[in-house]
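In my numbering, the protein residues as written are 7 to 226.
Okay, structure coming up:
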């Protein structure tokens with residue numbers, strides 16, 4: 007994937023050559039296994055429509071607890087005018103801060119984030135037709151940027167050979183990459199480890215067909 011094709015938010019977390027490094031890791035891992043590895047980066051999985059309203063309510067609470075309009079009125083001008091100005095300021099600030107990932111993450115319940123990222127992974131597994139591989143050897147590595155969460159989802163053939171607990175190592179590698187500001191390295195390491203786990207059970211065949219494109223998928 008050419009970096010210019012990526013949205014700005016994805017370029018900011020992947021760096022200049024992140025997509026190329028990830029795609030090189032896929033090709034290398036799949037040279038040793040018939041497994042089909044698909045890394046997916048999404049901007050967010052959770053609904054955040056509530057965040058501006060909650061932000062506005064919290065800012066208004068701060069205004070009233072501090073009695074800011076009354077203090078401003080002491081400088082001159084009617085109290086109601088200052089009250090209206092504070093409401094307007096709170097509204098503007100709420101719209102601004104509600105766009106920040108950190109604020110969205112803070113104001114979205116953790117259990118909701120976990121559930122919605124898991125649901126997004128299941129949806130994307132089928133949207134990307136990963137369940138259609140001939141030997142059911144697709145495996146999805148999803149990172150949801152806003153939530154700082156990752157999910158590994160494997161098709162039936164892989165799930166029968168490898169316990170779901172082994173994928174926690176891959177999840178940890180990806181999340182560590184997010185937290186240290188080098189998502190590309192985290193995903194690359196997870197892909198490499200994925201190849202190591204798959205190759206003993208699903209070795210590459212001489213007539214192997216690459217059923218899913220070796221590239222990083224990026225979605226909103």
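Glycine included, each C-beta is placed from N, C-alpha and C at the ideal position.
Taking the alpha-carbon positions, what's the residue 105 to residue 214 distance?
Distance between the alpha carbons of residue 105 and residue 214 is about 45 angstroms.
Helix or strand or just coil, what does DSSP make of residue 58?
Residue 58 falls in the helix class under three-state DSSP.
At what residues does the alpha helix (DSSP H) containing residue 155 begin and finish?
Not the alpha helix (DSSP H): residue 155 falls in the beta strand (DSSP E), residues 155 to 160.
Identify the continuous alpha helix (DSSP H) that holds residue 130 and give its terminal residues.
Note, residue 130: alpha helix (DSSP H), 116 to 133.
Would residue 225 and residue 48 qualify as a contact pair, given that the criterion is a beta-carbon distance under 8 angstroms?
Against a cut-off of 8 angstroms, the Cβ pair of residue 48 and residue 225 comes out as a contact.
Identify the continuous beta strand (DSSP E) that holds residue 226 and give its terminal residues.
Premise fails: residue 226 is in no beta strand (DSSP E) and is neither H nor E.
Do residue 58 and residue 16 come within 8 angstroms of each other at the CB atom, strictly closer than that value?
Cβ atoms of residue 16 and residue 58: not closer than 8 angstroms.
Is residue 122 near the ligand FMN, with its Cβ less than 7 angstroms from a heavy atom?
Annotation note on the ligand FMN: not contained in the displayed structure, which lists no ligands.
Where does the unbroken alpha helix (DSSP H) through residue 19 begin, and where does it stop?
Here the alpha helix (DSSP H) through residue 19 covers 14 to 20.
If you draw a straight line from the C-alpha of residue 11 to the C-alpha of residue 116, how long is it?
Using only the alpha carbons, I get a separation of about 32 angstroms.
Short check: CB of residue 152 to CB of residue 52, under 8 angstroms?
Cβ distance < 8 angstroms, so residue 152 and residue 52 count as in contact.
Taking all protein chains shown into account, decide if residue 208 is buried (16 or more other Cβ within 10 angstroms of its Cβ) or exposed.
Counting Cβ neighbours within 10 Å, residue 208 comes out buried, since at least 16 surround it.
Does the distance from the C-beta atom of residue 202 to that of residue 139 stay below 8 angstroms?
For residue 202 and residue 139, no; Cβs fall outside 8 angstroms.
Helix, strand or coil for residue 42, going by three-state DSSP, please let me know.
Reduced to three states, the DSSP call for residue 42 is strand.
If I measure Cβ to Cβ from residue 179 and keep anything under 7 angstroms in the same chain, skipping five residues before and after, which residues do I get?
The answer, listed in chain order, is 192, 195, 196 and 199.
What separation, rounded to the nearest whole angstrom, lies between the Cα atoms of residue 132 and residue 46?
Each residue's alpha carbon lies about 13 angstroms from the other.
Using a Cβ-Cβ distance cut-off of 8 angstroms, determine whether residue 210 contacts chain D.
Protein chains in the displayed structure number just one, and chain D is not present.
Comparing alpha-carbon positions, which option in 50, 22, 95 and 60 lies nearest residue 69?
Looking at the Cα atoms, 95 is the closest of the given residues.
Give the secondary structure of residue 179 by DSSP, where H, G and I count as helix, E and B as strand, and everything else as coil.
Three-state result, residue 179: helix.
Measuring straight from C-alpha to C-alpha, what distance separates residue 56 and residue 93?
Cα to Cα, the separation comes out at about 18 angstroms.
In the DSSP assignment, find the alpha helix (DSSP H) that holds residue 201 and state where it starts and stops.
189 to 204 is the extent of the alpha helix (DSSP H) around residue 201.
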